[in-house]
Every structure is written in C-alpha cells, then in structure tokens.
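Counting from 172, one number per residue, gives the positions in the sequence shown under this note's numbering.
Backbone N, C-alpha and C define an ideal beta-carbon position, used for all residues, glycine too.
Every value quoted in this text rests on a predicted model; they were computed, and no experiment measured them.
Down below is the structure, laid out as structure tokens.
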Amino acid sequence: MRLLLLSDVHANLEALESCLNAAPEYDAAVCLGDTVGYGASPNETIERVRALHPILVRGNHDRACCGLEDLDLFNSVAATAALWTRQQLSRPNLDWLRALPAGPVAHAQWPGVCFVHGSPEDEDIYIASDIAAAEALRAGNAALTFFGHTHIQGVFAWQDGTVENPTPMPSRIAGRLHATCLKLDAKKRYLINPGSVGQPRDRDRRAGFALLDTARHEVRLYRVPYDIQRAQQRILEAGLPSVLALRLDEGR
Ligand code: ZN
Numbered sequence: 172m173r174l175l176l177l178s179d180v181h182a183n184l185e186a187l188e189s190c191l192n193a194a195p196e197y198d199a200a201v202c203l204g205d206t207v208g209y210g211a212s213p214n215e216t217i218e219r220v221r222a223l224h225p226i227l228v229r230g231n232h233d234r235a236c237c238g239l240e241d242l243d244l245f246n247s248v249a250a251t252a253a254l255w256t257r258q259q260l261s262r263p264n265l266d267w268l269r270a271l272p273a274g275p276v277a278h279a280q281w282p283g284v285c286f287v288h289g290s291p292e293d294e295d296i297y298i299a300s301d302i303a304a305a306e307a308l309r310a311g312n313a314a315l316t317f318f319g320h321t322h323i324q325g326v327f328a329w330q331d332g333t334v335e336n337p338t339p340m341p342s343r344i345a346g347r348l349h350a351t352c353l354k355l356d357a358k359k360r361y362l363i364n365p366g367s368v369g370q371p372r373d374r375d376r377r378a379g380f381a382l383l384d385t386a387r388h389e390v391r392l393y394r395v396p397y398d399i400q401r402a403q404q405r406i407l408e409a410g411l412p413s414v415l416a417l418r419l420d421e422g423r
C-alpha cells in the first residue's frame with residue numbers, strides 16, 4: 172500500500188498541482204493540516220484536496236481561517252492572511268474546515284501509523300529539535316507518526332530511548348525527481364515530516380511531499396519545482412502582505 176503524504180499546503184495551488192503531477196502512483200492520500208492560510212487560492216486548494224478524499228487532520232491555520240480560534244496568537248501577517256482567507260472562503264469550504272478532526276488521527280487501513288499536525292501530545296507543538304522529538308516519541312507508541320507544522324522536511328528515529336537523525340538516501344526510482352529514500356527498520360519508531368507543499372521553510376524553495384510504501388518498507392521524500400512567480404503574483408494581486416510572496420523565493 173502506498174500513501175501520499177501532503178502537509179501545509181497553505182492555499183498555494185501552483186505548488187499543490189506540481190506535487191500531484193509529480194507524485195508516483197498511490198492508493199490513498201493524507202493531508203496533515205494547514206491546507207489554507209498565507210496563500211492566495213484557498214477555495215481552489217481546498218477543492219483540489221477534497222477531490223483526493225484524503226485522511227485529514229486540522230492545522231492551526233485551518234482553525235483560524237474558519238473562525239474556530241481567535242487570532243491573538245498569530246503574528247500580524249498570519250492574522251491578516253487568516254482574515255482575508257475567511258472572507259474569501261465559500262460556505263461549503265468553511266464548513267469543511269470547521270469539521271476537520273484534531274489529531275492524533277488513526278486509520279484502520281494504516282495500522283501502527285499516527286497522523287498529527289503538530290505533535291501527538293498537542294496539535295500546536297512544533298517538533299523542531301531532538302528534545303521535542305524525544306518527548307513526542309516517549310508520549311506515543313505508533314511505529315510511524317507523520318507530522319507537519321514546522322514546514323521542515325525530515326525524519327527523527329527512536330531506538331532504545333535515543334533519538335537519531337537518519338539521512339534518507341538519494342533514490343532513482345522516481346526518475347528525474349529529486350527524491351530521497353528512507354528504509355524503515357522494524358526495531359525503530361519514526362517521526363516523519365513530509366515537508367510543506369506550499370511554504371517550505373528549510374531553505375529549499377521547492378515544494379515538499381512524501382510517499383509511504385508499506386510493501387517496500389520505505390518512505391520517499393520528494394522536492395519538486397513549481398511556478399513560484401505565479402503563486403507570488405496571486406498573493407500580491409490579492410493584496411496580501413508582500414512578505415508572503417517574498418518568503419516563497421527564499422524557502423523560509
Ligand atoms: Zn503551516
């Protein structure tokens with residue numbers, strides 16, 4: 172079984188389309204939250220995601236953009252984008268956002284796999300260090316936990332109470348795609364971030380996603396170029412803060 176992993180699309184339709192075009196064949200998809208917020212195509216992005224019939228988890232921007240949360244904790248740029256998004260969204264798309272489940276989410280078809288936006292303990296916690304990863308791994312018991320929220324593609328592994336940072340190896344299975352491959356060790360537990368589709372923050376401006384292949388016992392991490400200029404143009408035309416367009420170029 173192959174599972175397509177998408178996270179933090181952030182209303183970037185150009186990036187999402189590039190990822191879906193580049194993705195290898197898959198049996199099911201998951202979207203780990205923050206489908207909207209920041210980007211200029213919230214309705215189109217939600218509709219594209221909904222058409223995948225994915226396993227879903229909500230993100231903090233999803234909550235903010237549908238009014239489930241006030242914007243006090245957001246910086247002014249994020250709050251401006253959330254309010255703009257709320258005004259743009261159609262009624263059905265607002266209702267879809269409001270109905271998204273909080274993580275952790277499990278799914279009968281994927282035993283031993285856990286889906287969260289932030290961490291298994293708290294949907295708003297950022298797993299951005301070995302210490303945070305160790306706390307999350309100590310708290311849960313899933314063999315594989317997929318998370319988003321940090322917009323940083325990568326892997327933490329856990330064995331005998333110690334966190335490791337395995338380096339996925341370059342993979343040629345995907346032809347000219349820039350994929351790296353992590354072989355899963357049954358003795359270890361993993362926290363894996365597929366990367367952000369719509370606003371990468373790891374200094375690589377290409378859109379990120381991943382694929383879990385249970386038959387091959389591996390996770391492949393992908394980076395694909397997309398039409399950044401078009402996404403930036405839409406942000407500026409919408410009157411959103413220009414920094415949201417600039418950061419796409421820098422991948423941070
Ligand atoms: Zn996000």
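| Check | Outcome |
| --- | --- |
| Please classify residue 176: does DSSP put it in a helix, a strand, or coil? | strand |
| Buried or exposed for residue 406, going by 16 or more other Cβ atoms inside 10 Å? | buried |
| Going by the beta-carbon positions, is the gap between residue 326 and residue 190 smaller than 8 angstroms? | no |
| Mind checking residue 256: buried by the 16 CB within 10 Å criterion, or exposed? | buried |
| Tell me, which residues are paired with residue 341 by DSSP? | 351 |
| Is the stretch 295-315 close to the stretch 259-271, with three or more CB pairs under 8 angstroms? | no |
| Expressed to the nearest angstrom, what Euclidean distance is found between the alpha-carbon atoms of residue 408 and residue 389? | 41 angstroms |
| Quick check: does the Cβ of residue 205 come within less than 7 angstroms of any heavy atom belonging to the ligand ZN? | yes |
| Can you give me the Cβ contacts of residue 245 inside the same chain, cut-off strictly under 7 angstroms, excluding the 5 residues immediately before and after it? | 235, 253 |
| Could you tell me which residues DSSP puts in a beta bridge with residue 209? | None, per the DSSP bridge assignment. |
| With residue 335 as the anchor, note down where its alpha helix (DSSP H) starts and where it stops. | Here residue 335 belongs to no alpha helix (DSSP H); instead the beta strand (DSSP E) covers 333-335. |
| Do residue 214 and residue 402 have their C-beta atoms closer together than 8 angstroms? | no |
| For residue 366, tell me which candidate among 355, 349, 353, 324 has the shortest Cα-Cα distance. | 324 |
| Give me the residue from 387, 393, 221 with the minimum Cα distance to residue 204. | 221 |
| Using the rule of at least 16 other Cβ atoms within 10 Å of the residue's Cβ for burial, across every protein chain shown, is residue 258 buried or exposed? | exposed |
| Can you have a look at residue 225 and say buried or exposed, based on whether 16 or more other CB atoms are within 10 angstroms of its CB? | buried |
| Note the first and the last residue of the continuous beta strand (DSSP E) segment covering residue 328. | 325-330 |
| Can you tell me where the beta strand (DSSP E) holding residue 377 begins and where it ends? | From DSSP, residue 377 is part of no beta strand (DSSP E); its letter is neither H nor E. |
| Are there any heavy atoms of the ligand ZN lying less than 7 angstroms away from the beta-carbon of residue 230, as far as the coordinates show? | yes |
| At a threshold of 7 angstroms, does residue 278 count as lining the ligand ZN (C-beta to nearest heavy atom)? | no |
| Determine the direct distance from the alpha carbon of residue 404 to that of residue 233, and round the result to whole angstroms. | 23 angstroms |
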